[in-house]
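A.B. asks: Residues in the first sequence are numbered consecutively from 2, following my numbering.
A virtual CB, placed ideally from N, CA and C, is assigned to each residue, including glycine.
These figures come from a predicted structure and were not determined experimentally.
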Amino acid sequence: MPSDYLSVALDVPLPRCFDYRAPAGAAGVGERVIVPFGRQTLSGVVLAVSETAPDFTGLKDIAAAPGDLPALPADVLALCRFCADFYAAPLGMVLAAALPAALRQPKPWSGDGATLLWQATDADALLARLSPRARKQRQLADLLRTPQTREAVREVAGDALRWLADWQAAGEVIAVAPERRTGVPRQAASPQLNAAQAAAVDAVNAAEGFAAFLLYGVTGSGKTEVYLRTIAERLGRGEQVLVLVPEINLTPQLEARFRQRFPDEAIVSLHSGLADGERTRSWLQAVRGEARIVLGTRLAVFTPLPALGLIVVDEEHDGSYRQQEGVRYSARDLAVWRAHDRKLPVLLGSATPSIETWKNATEGRYRRLNLPLRAVGGAVAPTIEVLPTGRTALQDGIHPLALERLRATLARGGQALVFINRRGYSPVLACNECGWVSGCKRCDARLVLHLGDRRLRCHHCGFECAIPAECPDCGNIDLKPLGQGTQRVEDALASRFPDTPPLRIDRDNTRRKGSLEAMLAQVHDGEVRLLVGTQMLAKGHDFANLQLVVVLNADAGLFSVDFRAEERLFAQLLQVAGRAGRAGQPGQVLIQTRYPEHPFYAALLAGDYAAFADEQLAARRELLLPPCASWLMIRAEAKRIETSLAFLSALRGALSGMAVQAMTPIAASMSRKAGWERAQLLVTAPTRGPVVAAAAHLATLLAARPPKGVRWVIDVDPQDV
DNA sequence: AGCACGCCGACT
DNA sequence: GTCGGCGTGCTC
Numbered sequence: 002m003p004s005d006y007l008s009v010a011l012d013v014p015l016p017r018c019f020d021y022r023a024p025a026g027a028a029g030v031g032e033r034v035i036v037p038f039g040r041q042t043l044s045g046v047v048l049a050v051s052e053t054a055p056d057f058t059g060l061k062d063i064a065a066a067p068g069d070l071p072a073l074p075a076d077v078l079a080l081c082r083f084c085a086d087f088y089a090a091p092l093g094m095v096l097a098a099a100l101p102a103a104l105r106q107p108k109p110w111s112g113d114g115a116t117l118l119w120q121a122t123d124a125d126a127l128l129a130r131l132s133p134r135a136r137k138q139r140q141l142a143d144l145l146r147t148p149q150t151r152e153a154v155r156e157v158a159g160d161a162l163r164w165l166a167d168w169q170a171a172g173e174v175i176a177v178a179p180e181r182r183t184g185v186p187r188q189a190a191s192p193q194l195n196a197a198q199a200a201a202v203d204a205v206n207a208a209e210g211f212a213a214f215l216l217y218g219v220t221g222s223g224k225t226e227v228y229l230r231t232i233a234e235r236l237g238r239g240e241q242v243l244v245l246v247p248e249i250n251l252t253p254q255l256e257a258r259f260r261q262r263f264p265d266e267a268i269v270s271l272h273s274g275l276a277d278g279e280r281t282r283s284w285l286q287a288v289r290g291e292a293r294i295v296l297g298t299r300l301a302v303f304t305p306l307p308a309l310g311l312i313v314v315d316e317e318h319d320g321s322y323r324q325q326e327g328v329r330y331s332a333r334d335l336a337v338w339r340a341h342d343r344k345l346p347v348l349l350g351s352a353t354p355s356i357e358t359w360k361n362a363t364e365g366r367y368r369r370l371n372l373p374l375r376a377v378g379g380a381v382a383p384t385i386e387v388l389p390t391g392r393t394a395l396q397d398g399i400h401p402l403a404l405e406r407l408r409a410t411l412a413r414g415g416q417a418l419v420f421i422n423r424r425g426y427s428p429v430l431a432c433n434e435c436g437w438v439s440g441c442k443r444c445d446a447r448l449v450l451h452l453g454d455r456r457l458r459c460h461h462c463g464f465e466c467a468i469p470a471e472c473p474d475c476g477n478i479d480l481k482p483l484g485q486g487t488q489r490v491e492d493a494l495a496s497r498f499p500d501t502p503p504l505r506i507d508r509d510n511t512r513r514k515g516s517l518e519a520m521l522a523q524v525h526d527g528e529v530r531l532l533v534g535t536q537m538l539a540k541g542h543d544f545a546n547l548q549l550v551v552v553l554n555a556d557a558g559l560f561s562v563d564f565r566a567e568e569r570l571f572a573q574l575l576q577v578a579g580r581a582g583r584a585g586q587p588g589q590v591l592i593q594t595r596y597p598e599h600p601f602y603a604a605l606l607a608g609d610y611a612a613f614a615d616e617q618l619a620a621r622r623e624l625l626l627p628p629c630a631s632w633l634m635i636r637a638e639a640k641r642i643e644t645s646l647a648f649l650s651a652l653r654g655a656l657s658g659m660a661v662q663a664m665t666p667i668a669a670s671m672s673r674k675a676g677w678e679r680a681q682l683l684v685t686a687p688t689r690g691p692v693v694a695a696a697a698h699l700a701t702l703l704a705a706r707p708p709k710g711v712r713w714v715i716d717v718d719p720q721d722v
């Protein structure tokens, strides 16, 4: 009996593959095998097949080749390999991230029926058999005259899927394979393009081979319409399109818009909020080419798409494209790599592009497509003003002029939003007598006062306790909350505007599934006219009647150690501002600041992100900061900071002789977190090559001799410093 | 990462 | 006398 020898990548943090024996032809490259590994059984992906036995005596046989995963195509394997090499991660872990969970389990996947359509063999015979009183069953039987998806069946009744199974067993219903779609999609009526949009669409449609485009335009400038037109063009050529979006809660809105435009297309959405089975089915639909549009969050970048013709990355600057746990990849950067590898156009959209993308556009590697401000539907740009807070006494943290504008807006019948990026009642509780403040025992952070349930909470480690009745140090009973959080602002506004009670929206009161949607519905209905919220409200949600936005604590990002903080603040403020005045009325945005003279605000008030980005880029060049240099960050945490620092110093030593500059290890900016003391080692080089080599070298070193009592992370191209 | 084996404290 | 603490070692 001839055997194959398989090189298999497993989801273990080891930087190598493992060899197995298998019956000849049992599994090919890119397919899934189930293998014994130590005392456990794991799922792995075959990377190579050889007929000659490897030089290893303890070789084991595979346990099974379930054949439930269509072989990952060479381009996806190449993408995963690039990701593993670039981010110094084991290939098996990258592959695991690329597969839906059901295809990572060491057991065969058996839920594939859902990509099929269901149809009655003889609907009239079925109806004749059913009781006249079984209304829902009859409705389903009637529906099944034409092929239906599992989802459509489920919508008929809670038990409908069970009836379907029974009828299928009785041969009354059969599964039919969906047609693989090709050709021009049917399209719902689409709005007229303006000149800039038309030029952008033409440019993308004309692209042959790799081409990267930066679609630069603010909220309301019509970026989505450009996406839809270029997507339609690719579908018309029989191709598939991958659309990446930053976050799950943005997917339904965009998805609805896509479905509306392409009513006959199977549009598949892929994100981590999906149930395992559903995600696996959607993924398989995309892999088989049944779904031509894939809309997903960062994990969707790995989806095998046989006829891929275009990749769109919406809000390309958004931090959520960066995976922060496990393999720390940037889905945006991988998307560009994939487009280049497959010789496709990639369209990066943003009102506030990342400086990385800006640099590429400036230097001509990406082509910039400008959409002028608010060109669509008569929308007008909001007026942005700065309110200096140095001299004026604030009322509960709010400038009197801001209160006055709020009053006027509400009196006019408009909606207003007060934006404060800090939840809780106040960020710290302090003693007036002795200077005690509510610090967290396990973190270098303050416990935040939550009045709703009368607790002090650490927002970093989750520690919480009751509010002390007196100062733990001096016994003073006069403890004062310092500073504002969403709850305090809510209270303040509630007492000032009793006729229009404020609604607070932050993570504290939207934990339950669906509660955010319920609250947003109240806002849309006009039931709520005064809103208080955190950055949760900055993204995606459009409130037609929102006329005024007040931003309370913008300054926090202004003097950060992180050189990207200003860029993020600009993006966030512009995004919040974009919420105001969408339906023809100009919105007002008021930003409270203690530093009105800061050059940052000059750029913001001018609404000129391009000028700001040019300045930022010039500064990065001057100071040799990314993207004008390449960075690698090694983060370490141990029970004692000395251990973390010593560990990093040893790593630094291990880099001598390499073409990188390794800095002195330093304590992290919040050095104590959840009882661990954290430090970081920065490694830089003018280009990526040496940095990637250094990362690989350290990863190999650490895998061979893992340190004791130290947790570590290798972060190539770190986004938070 | 799991999941073993492996030697030292409080319990049926 | 055992149950179990997590230290360290290996996985084709």
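Beta-carbon within less than 6 angstroms of ALA417's beta-carbon, same chain only, minus the 5 sequence neighbours each way: which residues are those?
C.D. replies: LEU407, THR410, LEU531 and LEU549
A.B. asks: Just to confirm, is the Cβ distance from LEU78 to VAL34 under 9 angstroms?
C.D. replies: no
A.B. asks: Measuring CB to CB, does LEU724 end up less than 9 angstroms from LEU243?
C.D. replies: Residue 724 falls outside the range modelled here, since the chain spans only 2 to 722, and no answer is possible.
A.B. asks: Kindly indicate which residue of ASP62, GLU638, ARG17 and LEU606 has the alpha-carbon position closest to the one of LEU48.
C.D. replies: ARG17
A.B. asks: What residues are listed by DSSP as bridge partners for ARG458?
C.D. replies: DSSP lists VAL449 and GLU465 as partners of ARG458.
A.B. asks: Does the beta-carbon of ARG339 have 16 or more other beta-carbons within 10 angstroms, so that it is buried, or is it exposed?
C.D. replies: Per the 10 Å Cβ criterion, buried.
A.B. asks: Provide the residue(s) that pair with VAL288 in DSSP beta bridges, ordered along the chain.
C.D. replies: According to DSSP, which records beta bridges pairwise, VAL288 is partnered with nothing at all.
A.B. asks: Kindly list the residues whose CB is nearer than 7 angstroms to the CB of CYS462, restricted to its own chain and excluding five residues on each side of it in sequence; keep chain order.
C.D. replies: Around CYS462: CYS441, ARG443, CYS444, LYS674 and ALA675.
A.B. asks: Can you tell me whether PRO503 is helix, strand or coil according to DSSP?
C.D. replies: strand
A.B. asks: For ASP556, does the three-state DSSP call read helix, strand or coil?
C.D. replies: helix
A.B. asks: What residues are listed by DSSP as bridge partners for SER631?
C.D. replies: ALA686
A.B. asks: When DSSP labels each residue in this structure, what does TRP359 get in the three-state scheme?
C.D. replies: helix
A.B. asks: Can you tell me the Cα-Cα spacing of VAL30 and VAL46, whole angstroms?
C.D. replies: 8 angstroms
A.B. asks: What is the rounded straight-line gap between the Cα of ARG569 and the Cα of GLY297?
C.D. replies: Spanning the two alpha carbons is a distance of roughly 23 angstroms.
A.B. asks: Which runs of the beta strand (DSSP E), 3 residues or longer, sit entirely within the stretch 641-691?
C.D. replies: Complete beta strand (DSSP E) runs here, min 3: 667-674 and 677-686.
A.B. asks: Using C-beta distances below 8 angstroms, list every residue in its chain close to GLN576, excluding the 5 sequence neighbours before and after it, in chain order.
C.D. replies: THR220, ALA352, THR353, ALA539 and LYS540
A.B. asks: By alpha-carbon positions, which one of GLY690, TRP713 and GLY658 ends up nearest to ALA1?
C.D. replies: This structure does not reach residue 1, given that the chain is present from 2 up to 722, and the question cannot be answered.
A.B. asks: Short of 8 angstroms in beta carbon distance, which residues of its chain neighbour SER672, apart from the five on each side in sequence? Order them along the chain.
C.D. replies: ASP445, ILE642, GLU678, ARG679 and ALA680
A.B. asks: Out of curiosity, what's the CA-to-CA distance linking LEU60 and ARG22?
C.D. replies: 7 angstroms
A.B. asks: Excluding sequence positions up to five away, which residues of its chain have a Cβ less than 7 angstroms from the Cβ of GLY290?
C.D. replies: Excluding positions up to five away in sequence, the list reads ARG181, GLN241, PRO307 and ALA308.
A.B. asks: According to the Cβ coordinates, are GLU616 and ALA604 closer than 9 angstroms?
C.D. replies: yes
A.B. asks: With a CB to CB cut of under 6 angstroms and the five nearest residues on each side skipped, what residues in its chain are close to ARG323?
C.D. replies: SER331 and GLN720
A.B. asks: Kindly indicate which residue of GLN261, PRO253, ALA267 and ASP526 has the alpha-carbon position closest to the one of LEU275.
C.D. replies: PRO253
A.B. asks: State buried or exposed for ALA115, treating a residue as buried only when at least 16 other CB atoms are found within 10 Å of its CB.
C.D. replies: With a pLDDT of 49 at ALA115, under the threshold of 50, the modelled position of that residue is not reliable, and the figure given next carries that caveat. It counts as buried.
A.B. asks: Could you name the residues that DSSP lists as bridge partners for GLY440?
C.D. replies: ARG447
A.B. asks: Around the C-beta of ILE232, are 16 or more other C-beta atoms found within 10 angstroms, so that it is buried, or is it exposed?
C.D. replies: ILE232 comes out buried.
A.B. asks: So, with DSSP's three-state summary, where would you put VAL337?
C.D. replies: If DSSP states are grouped into helix, strand and coil, VAL337 belongs with the helices.
A.B. asks: Please report the residue range of the alpha helix (DSSP H) in which GLU152 lies.
C.D. replies: For GLU152, the enclosing alpha helix (DSSP H) has its first and last residue at 151-157.
A.B. asks: Check SER516 in the structure and name its three-state DSSP category.
C.D. replies: helix
A.B. asks: Output the boundary residues of the beta strand (DSSP E) element that contains ALA417.
C.D. replies: 416-420
A.B. asks: Residue range of the beta strand (DSSP E) that ARG22 falls in?
C.D. replies: 19-24 is the span of the beta strand (DSSP E), which, as asked, contains ARG22.
A.B. asks: Would the stretch 501-512 count as touching the stretch 471-479 if we require 3 or more Cβ pairs under 8 angstroms?
C.D. replies: no
A.B. asks: Inspect the beta-carbon positions of CYS84 and ALA75 and report whether they are closer than 9 angstroms.
C.D. replies: no
A.B. asks: Does the distance from the CB of LEU271 to the CB of PRO179 come in under 9 angstroms?
C.D. replies: no
A.B. asks: Do you know how far the Cα of GLU491 is from the Cα of GLY453?
C.D. replies: 11 angstroms
A.B. asks: Taking the Cβ atom as the reference point for each residue, do LYS693 and ASP319 lie within a distance shorter than 9 angstroms?
C.D. replies: One point to set straight first is that residue 693 is Val, not Lys, in the sequence displayed. It is not a contact, given that the beta carbons lie outside the stated cut-off.
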